[in-house]
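S.K.: Numbering (the working numbering), first residue to last: 161 to 644. Where is the CB? At the ideal position from N, CA and C, for every residue including glycine.
See below:
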């Protein structure tokens, strides 16, 4: 999936998302409220800005149009957009209003409180004119349009009519993430992507079964003169209803859910890119579903990259050898994943081994390792490396086979291979936050422990399951013993 030649015009409410991370260890003497000792601040574009960042992260080109103030928050958002490298900042700066800024205070991965800075005033005529002028200037370069409605006022009737009218005149598909319960406001859109709550409110109908969803969606398609409605249904996956009555559902793919913030942004960004790249809406939905499965397992407003989406699609495909090859990442791909996870404020763990014949001891180690971090990288010795360590009869399973099995373990987020006798060079390259090994080692004996600790990371030793080893399994098999 190469989206590098695609440009998506993103129009909507832009904002700065600020995450203040800290620790709570006492209650304020002034009032019965917790005191947060701040230790880290992360800032990133939110709303339509997060849609644009998702497009850039997936390899496409984004053109972002919205309203911001002339203040420090706008300057910071501009710097963050510029750092993406694939986002054209066409945001109108207005002296009449502050930049929308949402500040979330987080302790122990739990959001404690949120503070919003924004104006409730409707757009002024000169602001509407500036937005329409920006749309006219950038529409010819777009292969798709996304209207990201957060109900903050940018997508007023005049801007909606202008944007959808210009897109339809140019034969450009329009995707809408709605806020209003009146889908008639988005008349002429190609696809509208409500969540279940938004769908129920807009359709004024139940949505417990696929038949109920199909009936309600048909009404909304007619009201909006749309081609399709895609309902994102959280743990139930997604359902696409197209004009003419075709209904397609896919199950949710997320292995775990950390935070659903911005998940809708990821879905619509992926959907628009895939469709603009020539895929049907059904095919694009499958890709967007995989992207959603990745992004909800990240903390805070987040993006996904194409490597993560491809990895998720391969992991879910069950297509034998193709899935196995996709499950084994190159060092460059692993570094990109680790960098991306760190940008999301996630802690990366690392463990390694031959993992030749997977047994309960291995699974116990992997489960322990994953509990010690947010994302786990597992490095496998290549076949040549295993032979040097274990002898000419090993490994029993090839690297590709071992990688396929390892990638299917729900505790594992990335699988890489190393040809050296130790993973030291890989540890130096990835520099994990947490290094995990079995308790048959002392910390001083763990390869790479000094490197990780010197960088501020930590080393953790996991208890081993007694009697569980690949060598023991092979010996008992040769002796004809029952493997119980």
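Taking the beta carbon of residue 169 as the centre, do at least 16 other beta carbons fall within 10 Å, making it buried, or is it exposed?
M.R.: buried
S.K.: Select from 467, 610, 584 the residue whose C-alpha is nearest the C-alpha of residue 499.
M.R.: 467
S.K.: With DSSP as the reference, identify every bridge partner of residue 249, one or two as the case may be.
M.R.: 224
S.K.: What are the start and end residues of each continuous beta strand (DSSP E) run of 3 or more residues lying completely inside the segment 289-359, in chain order?
M.R.: 304-308, 334-337
S.K.: Count Cβ pairs between the segment 298-306 and the segment 161-168 that sit closer than 8 Å; are there 3 or more?
M.R.: Under the 8 Å Cβ criterion, the segment 298-306 counts as touching the segment 161-168, having at least three qualifying pairs.
S.K.: Would you check if there are 3 or more beta carbon pairs closer than 8 Å linking the segment 596-603 to the segment 542-550?
M.R.: no
S.K.: Is residue 498 helix, strand or coil by DSSP?
M.R.: helix
S.K.: Looking at residue 428: is its Cβ nearer than 7 Å to the Cβ of residue 335?
M.R.: yes
S.K.: Name the two residues that bound the continuous alpha helix (DSSP H) containing residue 520.
M.R.: 520-531
S.K.: Which residues in the same chain as residue 394 place their Cβ atom closer than 8 Å to its Cβ, once the five residues preceding and following it in sequence are excluded?
M.R.: 355, 356, 412, 420.
S.K.: Go through its chain and collect everything with a Cβ distance to residue 233's Cβ below 6 Å, but skip five positions before and after it.
M.R.: 176, 259, 261
S.K.: Kindly indicate which residue of 562, 213, 608 has the alpha-carbon position closest to the one of residue 581.
M.R.: 608
S.K.: If contacts are defined as beta-carbon pairs under 8 Å, then residue 537 and residue 508 qualify, I think. What distance do you get, rounded to the angstrom?
M.R.: 7 Å
S.K.: From the DSSP output, in three-state form, read off residue 176 for me.
M.R.: strand
S.K.: What number of angstroms, rounded off, separates the C-alpha of residue 282 from the C-alpha of residue 425?
M.R.: Per the coordinates, the alpha-carbon of residue 282 lies some 24 Å from the alpha-carbon of residue 425.
S.K.: Beta-carbon separation of residue 586 and residue 539 under 7 Å?
M.R.: yes
S.K.: Determine the closest residue to residue 198 out of 325, 400, 290, 184, with distance taken between C-alpha atoms.
M.R.: Per the Cα distances, 184.
S.K.: Return the chain-ordered ranges of every alpha helix (DSSP H) run that is complete within the segment 250-285 and spans a minimum of 4 residues.
M.R.: none
S.K.: Of the choices 286, 268, 299, 280, whose alpha-carbon is the least far from that of residue 650?
M.R.: Residue 650 lies beyond the residue range present for the chain, which begins at 161 and ends at 644; the question has no answer from this structure.
S.K.: Quick check: what's the CA-CA separation for residue 173 versus residue 251?
M.R.: 10 Å
S.K.: Would you tell me roughly how many angstroms separate the C-alpha atoms of residue 179 and residue 402, rounded to the nearest one?
M.R.: 38 Å
S.K.: Classify residue 183 as helix, strand or coil using the three-state DSSP reduction.
M.R.: strand
S.K.: Let me confirm a value: residue 588 is counted as buried when at least 16 other C-beta atoms fall within 10 Å, else exposed. Which label applies?
M.R.: exposed
S.K.: Go to residue 373, then tell me how far its alpha helix (DSSP H) extends in each direction, as first and last residue.
M.R.: Segment 370-384, the alpha helix (DSSP H) holding residue 373.
S.K.: Using a threshold of 7 Å, state whether the C-beta atoms of residue 556 and residue 600 are closer than that.
M.R.: Contact: no.
S.K.: If residue 386 sits next to residue 329, beta carbons under 8 Å apart, how far is it from one beta carbon to the other, in whole angstroms?
M.R.: No, residue 386 and residue 329 are not in contact; Cβ-Cβ is about 17 Å, not under 8 Å.
S.K.: For residue 596, name the three-state secondary structure that DSSP assigns.
M.R.: For residue 596, the secondary structure class from DSSP, reduced to helix, strand or coil, is strand.
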